[in-house]
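Every position in the sequence shown, counted from 1, becomes a number in the working numbering once 12 is added. Glycine included, each C-beta is placed from N, C-alpha and C at the ideal position. Just so it is clear, the structure is predicted and the values come from calculations on it, not from any experiment.
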Amino acid sequence: MSKTFDIGLERLTGGARFPVGVPVGAGDANAETDTLAASALRGTFFLETFGCQMNDHDSEKVAGVLLSRGYRQVETPESASLILYNTCSIREKAAQKVFSRLGEFGLQQNAGRIIGVLGCVAQQEGEEIFRRAPWVSLVCGSASYSKLPELLAQVEAGNQRVTGLDTDTDETFETPVTRRDNPWRAYLTIIEGCDKACSYCVVPYTRGPERSRASDSILREVRQLAELGFTEVQLLGQTVNSYADPTARKMKFSELLLAVADEPGIRRVRFTTSHPRDFSQDIVDAIDAQPKLCNHVHLPVQSGSTRILRSMQRTYTRDEYLEKIAIIRGAKRPISITTDIIVGFPGETEEDLGETLSLLEVVKYDAMFSFKYSARPHTPSLAMKDAISEEEKSRRLAILQDKQRAIQTAKHATMVGEVYELLVSTKSRRETQWSGHTSCHRVVNFSSQEQALLGKYVQVRITGATPNSLAGEQVP
Ligand code: SAM
Ligand code: SF4
């Protein structure tokens with residue numbers, strides 16, 4: 013879905029005015045006049061995002077780059093002069109979506125518009141996209157986003173086939189302006205790419221090698237975010253806890269978490285996704301020491317069977333994973349644990365599935381994201397034998413989800429009557445109805461007679477629960 017929160021540029025830049033149409037800090041007074049004139053010609057952009065939070069956040073940065081070049085964001089492709097799709101290729105279905113979107117914009121409807129494909133499908137398919145959709149002018153993979161301003165300049169100059177497809181870049185995608193979608197909670201990528209080599213996963217191919225962002229630059233941005241009124245930050249990375257500070261300071265990930273929480277104005281710090289192999293005691297110690305660090309860890313296991321984990325090249329066994337769970341369960345305050353699971357990996361037997369089901373029983377996850385295995389190009393598992401049929405994958409997924417539903421029903425029932433602090437993020441169309449997140453990352457729909465609660469922290473008593481949602485009422 014495209015995101016269309018409309019926030020003024022002044023808010024995004026701390027009120028500072030900067031020249032429209034040139035990268036911030038690069039213009040003089042005359043250049044400003046020139047670029048303002050250019051901006052009138054540049055027109056409008058529509059940006060649709062598919063996939064994960066990292067893609068959402070990349071889109072926020074892409075929008076920032078475009079706004080600073082003088083474009084205005086619009087809500088429909090029909091009213092845009094530049095149409096961009098930020099794509100996901102983690103599973104085949106996600107990758108297909110962009111081609112169906114591109115099909116809607118054949119040569120006829122294209123009429124003078126510039127169309128670009130960004131993100132993982134761009135990286136995966138490369139110039140093939142020009143062949144399948146000749147009306148596309150820009151193909152830029154996520155590993156090349158740092159070059160986006162110069163690629164856009166080439167497109168604006170009329171170049172019909174512009175590509176950014178390198179994966180050997182050692183730069184991270186930092187922008188002077190990021191157009192953030194949510195005015196209270198800010199995403200912040202601290203590590204890009206991935207150096208793990210899970211046999212099913214296309215990410216190392218599409219996002220390139222791991223690059224960590226400098227700790228001083230991260231902390232500077234957090235400070236700016238706090239000054240702009242953001243109170244919650246979510247640190248992002250495919251393997252966020254593999255963070256390796258490239259500066260002389262060499263901050264550990266847990267030290268970075270504490271330093272982010274120490275910034276005045278910040279009330280909550282989250283991080284995702286943690287890789288089990290790099291999850292260590294000091295992260296839990298930091299959560300124990302600093303209540304601003306949210307009591308939630310997303311720790312994808314993928315399978316409960318050591319045999320399948322080996323075949324997936326996940327670099328840990330079931331028992332080693334359970335040791336990490338024990339570290340989290342040993343915390344002084346309860347920490348909610350969520351996970352990702354793939355069913356139907358090549359060669360997965362009924363017994364392997366049984367191990368995954370028993371792992372759910374042992375860990376009792378607070379939530380689970382579950383997927384049918386999808387064979388992806390450029391991945392080692394593509395060549396593996398013993399593919400599981402789609403029908404069988406669906407059957408296994410249903411069994412897994414039934415089990416997790418029962419676990420969540422029981423967990424949620426224990427929350428009824430308890431009081432939680434929420435950051436209020438949505439107002440329902442119904443008067444007096446709101447929703448927000450707990451520190452343990454649950455969404456609660458609640459009632460309150462108060463007005464103007466958006467962005468505020470409130471205390472809410474849980475009054476009702478279903479497997480997937482919680483209801484409550486504000487307490488004074
Ligand atoms: N870096 C994270 C990690 O290591 O857990 C995950 C990133 S990936 C965007 C999110 C989830 O997609 C993975 O945890 C996995 O469960 C799922 N996934 C990745 N590749 C997949 C594939 N080929 N088929 C099905 N699910 C897949
Ligand atoms: Fe993909 Fe594995 Fe890297 Fe996660 S850790 S992004 S699943 S290769």
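Could you give the C-beta distance for residue i and residue j, rounded to a whole number, given that I count them as a contact under 8 Å?
i, j, result
"residue 281", "residue 245", "6 Å"
"residue 355", "residue 409", "5 Å"
"residue 368", "residue 315", "5 Å"
"residue 68", "residue 199", "7 Å"
"residue 412", "residue 382", "5 Å"
"residue 297", "residue 266", "7 Å"
"residue 471", "residue 487", "5 Å"
"residue 165", "residue 133", "The pair is not a contact, with the Cβ atoms about 23 Å apart (cut-off 8 Å)."
"residue 389", "residue 136", "6 Å"
"residue 329", "residue 318", "4 Å"
Out of the options, state which residue places its alpha-carbon closest to the alpha-carbon of residue i.
i, options, result
"residue 147", "418, 94 and 277", "94"
"residue 77", "138, 189, 111 and 279", "189"
"residue 453", "397, 329, 437 and 466", "437"
"residue 391", "62, 141, 164 and 210", "210"
"residue 87", "113, 58, 398 and 62", "58"
"residue 176", "212, 111 and 131", "131"
"residue 321", "307, 365 and 55", "365"
"residue 212", "304, 162 and 353", "353"
"residue 195", "206, 72 and 169", "72"
"residue 324", "341, 345 and 358", "358"
"residue 259", "225, 238, 450 and 468", "225"
"residue 111", "62, 74 and 90", "62"
"residue 402", "389, 384 and 414", "384"
"residue 272", "233, 241, 284 and 350", "233"
"residue 115", "447, 465, 143 and 257", "143"
"residue 380", "239, 341 and 415", "415"
"residue 285", "275, 445 and 313", "313"
"residue 444", "461, 152, 428 and 455", "461"
"residue 433", "372, 279 and 371", "279"
"residue 333", "372, 304 and 303", "372"
"residue 92", "65, 467, 75 and 125", "125"
"residue 440", "431, 456, 430 and 429", "456"
Using a Cβ-Cβ cutoff of less than 6 Å, which residues in the same chain neighbour residue i once the five nearest sequence positions on both sides are dropped?
i, result
"residue 150", "128, 167 and 174"
"residue 249", "202 and 203"
"residue 479", "417, 420 and 421"
"residue 476", "483"
"residue 197", "244"
"residue 179", "155 and 220"
"residue 302", "270 and 273"
Hey, could you find the ends of the alpha helix (DSSP H) residue i is sitting in?
i, result
"residue 4", "This structure does not reach residue 4, given that the chain is present from 13 up to 488, and the question cannot be answered."
"residue 67", "65-80"
"residue 136", "132-137"
"residue 232", "227-239"
"residue 370", "362-375"
"residue 112", "104-116"
"residue 218", "215-219"
"residue 430", "Where residue 430 is concerned, there is no enclosing alpha helix (DSSP H), given that its DSSP letter is neither H nor E."
"residue 160", "160-168"
"residue 144", "140-144"
"residue 265", "265-274"
Enumerate in chain order the residues of its own chain whose CB-to-CB distance from residue i is below 8 Å, with the five nearest sequence positions on each side excluded.
i, result
"residue 105", "386"
"residue 261", "227 and 228"
"residue 158", "181, 183, 184, 185 and 186"
"residue 113", "60 and 97"
What are the boundary residues of the beta strand (DSSP E) that residue i is part of?
i, result
"residue 449", "445-449"
"residue 384", "379-384"
"residue 485", "482-487"
"residue 474", "469-477"
"residue 59", "56-61"
"residue 283", "280-284"
"residue 190", "Neither: residue 190 is in no beta strand (DSSP E) and is coded neither H nor E."
"residue 200", "197-201"
"residue 174", "174-176"
"residue 97", "94-99"
"residue 148", "148-152"
"residue 457", "455-459"
"residue 248", "244-248"
Using a Cβ-Cβ cut-off of 7 Å (strictly less than) and excluding sequence neighbours within five positions of residue i, which residues of its own chain qualify?
i, result
"residue 293", "339"
"residue 264", "294"
"residue 206", "215, 216, 219, 222, 250 and 251"
"residue 46", "Interpretation of residue 46 is limited by its pLDDT of 40, a score under 50 that renders its predicted location unreliable; no figure is taken from the coordinates."
"residue 348", "307, 308, 378, 452 and 453"
"residue 336", "288, 291 and 311"
"residue 468", "436"
"residue 427", "474, 477 and 482"
4 or more residues per run - each alpha helix (DSSP H) lying fully within the stretch 299-355 = 318-323 and 330-341
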